[in-house]
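Numbering (this note's numbering), first residue to last: 18 to 183.
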């Protein structure tokens, strides 16, 4: 074993910041900021390595009604849980946007037709594919990323023998 630190991180694992307006721990940074919209305060939660905060929300005033309430461990861990949930919902939403499927009844039986969009910056495209009830792929074609999958189009594609364009 060597004592060399791992090169893929610039912050040691045990590096924690616990200040009234800045907490860094568990892969997250919570920062209390002035709320642009009013006289109050906001908190932004940023995951390590990300440029944009995953979550920005209102923050409670302190007792003096001027300064923000200081961050503490329970508040920080609640913020981490909330920010992780926001990221998870965003990933699920993105997945739902990029991967759609419909089930149809065709001559070959009950089929699942899938549309998977590949959001490549230079050459976005989508893949339309058909699967039988046991999950075996029957056909696959490349289509425009704007292709709209619905039961009628899937049925027409299957009825047409899975021609090159759905």
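Backbone N, C-alpha and C fix where the C-beta goes; we use that ideal spot for every residue, glycine too. Only a predicted model underlies this, so the values are computations on that prediction, with no experimental measurement involved.
For the ligand NAD, any of its heavy atoms closer than 7 Å to the Cβ of residue i?
i: residue 77; result: The model on display carries no ligand, and the ligand NAD is accordingly not part of it.
Does DSSP put residue i in a helix, in a strand, or in coil?
i: residue 23; result: Bear in mind that the predicted position of residue 23 carries a pLDDT of just 43, short of 50, making it unreliable; the figure below should be weighed with that in mind. Reduced to three states, the DSSP call for residue 23 is coil.
i: residue 80; result: coil
i: residue 86; result: coil
i: residue 118; result: strand
i: residue 9; result: The requested residue 9 is not part of the displayed model; the chain covers only 18 to 183.
In terms of residues, what are the limits of the beta strand (DSSP E) holding residue i?
i: residue 36; result: 34–36
i: residue 68; result: Note, residue 68: premise wrong, no beta strand (DSSP E); not H, not E.
i: residue 146; result: 142–148
Give me, in chain order, the residues of the same chain whose beta-carbon lies closer than 7 Å to that of residue i; leave out the 5 immediate sequence neighbours on both sides.
i: residue 74; result: 59 and 60
Going by other Cβ atoms of all chains shown within 10 Å of its Cβ, with 16 needed for buried, is residue i buried or exposed?
i: residue 111; result: exposed
i: residue 161; result: exposed
i: residue 90; result: exposed
i: residue 125; result: exposed
i: residue 97; result: buried
For residue i, which residues in the same chain have their Cβ closer than 8 Å to its Cβ, ignoring the five residues on either side in sequence?
i: residue 11; result: With the chain represented from 18 up to 183, any question about residue 11 goes unanswered, as that position is not in the structure.
Quick check on the DSSP output: the alpha helix (DSSP H) that includes residue i runs from which residue to which?
i: residue 176; result: 168–176
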